[in-house]
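In terms of the working numbering, the sequence shown opens at residue 99 and continues consecutively. A virtual CB, placed ideally from N, CA and C, is assigned to each residue, including glycine. The structure displayed is predicted, hence computed values, not measured ones. Single-structure report; data block below.
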Amino acid sequence: MERKHRPPPLPASPFMPQPTVDLNNGVVTARLPSGDSVTIYLYGATVTSWKTSSGKEQLFVSSAVVLDGSKSIRGGIPLVFPNFGPPIKDHATGGLRQHGFARNAAWEFLGKSSSESAGDDSVKLDFGLGPSGLAEPIRANWDYNFGLVYSVTLSKNKLHLSLLVKNEGTKPFEFHALFHTYLALKDISQTTVHGLRNTQYVDRLLGDKTFQEEHDELPITAETDRVYTLPVATSENNDAALVVKEAGSPSFVVTSESLPNVTVWNGWIDKIKGMRDFEPKDGYKRYLCLEPGSVLKWNKLEGGEVWSGSTTYEAKL
Ligand code: BG6
Numbered sequence: 099m100e101r102k103h104r105p106p107p108l109p110a111s112p113f114m115p116q117p118t119v120d121l122n123n124g125v126v127t128a129r130l131p132s133g134d135s136v137t138i139y140l141y142g143a144t145v146t147s148w149k150t151s152s153g154k155e156q157l158f159v160s161s162a163v164v165l166d167g168s169k170s171i172r173g174g175i176p177l178v179f180p181n182f183g184p185p186i187k188d189h190a191t192g193g194l195r196q197h198g199f200a201r202n203a204a205w206e207f208l209g210k211s212s213s214e215s216a217g218d219d220s221v222k223l224d225f226g227l228g229p230s231g232l233a234e235p236i237r238a239n240w241d242y243n244f245g246l247v248y249s250v251t252l253s254k255n256k257l258h259l260s261l262l263v264k265n266e267g268t269k270p271f272e273f274h275a276l277f278h279t280y281l282a283l284k285d286i287s288q289t290t291v292h293g294l295r296n297t298q299y300v301d302r303l304l305g306d307k308t309f310q311e312e313h314d315e316l317p318i319t320a321e322t323d324r325v326y327t328l329p330v331a332t333s334e335n336n337d338a339a340l341v342v343k344e345a346g347s348p349s350f351v352v353t354s355e356s357l358p359n360v361t362v363w364n365g366w367i368d369k370i371k372g373m374r375d376f377e378p379k380d381g382y383k384r385y386l387c388l389e390p391g392s393v394l395k396w397n398k399l400e401g402g403e404v405w406s407g408s409t410t411y412e413a414k415l
């Protein structure tokens, strides 16, 4: 029988440990009671650290990283928007730099939300960017009224990233978007990527030609720079997971929603040698970029329209 004067649900105990979130000098840090933590620079809304409760760092960051806002952050998770790769002449993004402006822009921290219910150990951090966060020359090169909301949700062993793009104006615009994640590895020679077999990829080292992936398990044994196209997973059909294995054991499971592509990038010896902000030079052995995104075709938004895409990294080791 329905009780007439049902007592309100019990509030979370004031003694129950809650996630903590700090903003200091342009850096947001969140920590769960389980010990999982994440660090995000407002510069580029770049995640620079994701640790699981054991204290294990899951992201690779160069030891020569530049963190003063004069250069995009080498490592962690830079955001790519509105163009992926070098600027494409004759496109509206043609005057922008490689990978667009989002990773170099001054983002705003919009706030946190965490459920107060017992046992729900997660925290969501929201970041926003609009034309006012861009330097004048960039605005002049991409003169659209846009709004980005980037949400980073930390839960036990998981990092969920979601990007929402809104056309706040009346002029339509086209864009790419991608999460440029540098996963930390013990040893690239022991690493394989699973879940790509029978998909097509564009090989950026072979003149952007398209190939079919034959490997069940893809080893990384040389410079690799490929953009794969995956069957798009939805919330109902979310089985298009990619698995990174180290020495045969799963270390990351990656699932995405509404993102048709994933870039697999490792600069290997020579390319890394030429990158001044990438140290140590043998650090190519300890990272793999696995970058879910939507980058082979332009996404188009008419005035008032919204696009969103998201991905989840689950750490298994
Ligand atoms: C990857 C690209 O996403 O980013 C590579 O596929 C590129 O071609 C790499 O080299 C790093 O780019 P950047 O601009 O951060 O040096």
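Only residues of its own chain outside the window of five on either side were considered, and among them PRO229 have a CB closer than 7 Å to the CB of ARG237, listed in chain order. Residue pairing by DSSP places HIS313 in no beta bridge whatsoever. For the pair THR268 and THR319, the Cα-to-Cα distance works out to about 48 Å.
If you look at PRO235, you'll find it isn't in any beta strand (DSSP E); it sits in the alpha helix (DSSP H) that goes 234-239. A straight line joining the alpha-carbon of VAL136 with that of LYS149 spans about 6 Å. Short of 7 Å from the beta carbon of PRO358, and not among the five residues preceding or following it, lie these beta carbons of its own chain, in chain order: THR327, LEU328, VAL330, SER392. When rounded, the separation of the alpha-carbon atoms in ASN243 and LEU130 is 36 Å. For ASP301, no alpha helix (DSSP H) run applies; the uninterrupted beta strand (DSSP E) run containing it begins and ends at 298-301, by DSSP. In this model, VAL159 and GLY174 are separated by some 6 Å (Cα to Cα). Measuring C-alpha to C-alpha distances from LYS256 to each of VAL221, ALA203, VAL126 identifies VAL221 as the nearest. In terms of side-chain proximity, the C-beta atom of HIS274 is found no nearer than 8 Å to any non-hydrogen atom of the ligand BG6. In the three-state scheme derived from DSSP, where H, G and I count as helix and E and B as strand, ILE175 is classed as strand.
Here LYS343 has THR290 as same chain residues with Cβ atoms under 6 Å from its own Cβ, once five neighbours each way along the sequence are excluded.
Every beta strand (DSSP E) of 3 residues or more that sits fully in the stretch 342-382 is shown, in chain order, as 347-355, 359-364. Relative to the Cα of PHE225, the nearest Cα in the group PRO117, ALA143, PRO115 belongs to ALA143. In this structure, VAL351 lies near GLU412, with their beta-carbon atoms less than 9 Å apart.
Annotation: ASN255 is outside any beta strand (DSSP E) and is labelled neither H nor E by DSSP. HIS313 has its Cβ no nearer than 8 Å to any heavy atom of the ligand BG6. Between the C-alpha atoms of LEU223 and PRO180 there is a straight-line separation of about 22 Å.
Only residues of its own chain outside the window of five on either side were considered, and among them ASP219, SER220 have a CB closer than 7 Å to the CB of SER253, listed in chain order. A straight line joining the alpha-carbon of SER132 with that of VAL119 spans about 14 Å. Taking a contact as a CB-CB distance under 8 Å, the pair GLY153 and LEU140 does not count as one, their CB atoms being some 25 Å apart. Per the coordinates, the alpha-carbon of THR308 lies some 22 Å from the alpha-carbon of VAL341. Taken atom to atom, the span from the alpha-carbon of PHE182 to that of SER347 is near 32 Å.
Under a 10 Å Cβ-count criterion, ASN296 is classified as exposed, with fewer than 16 other Cβ atoms of the shown protein chains found around its own Cβ.
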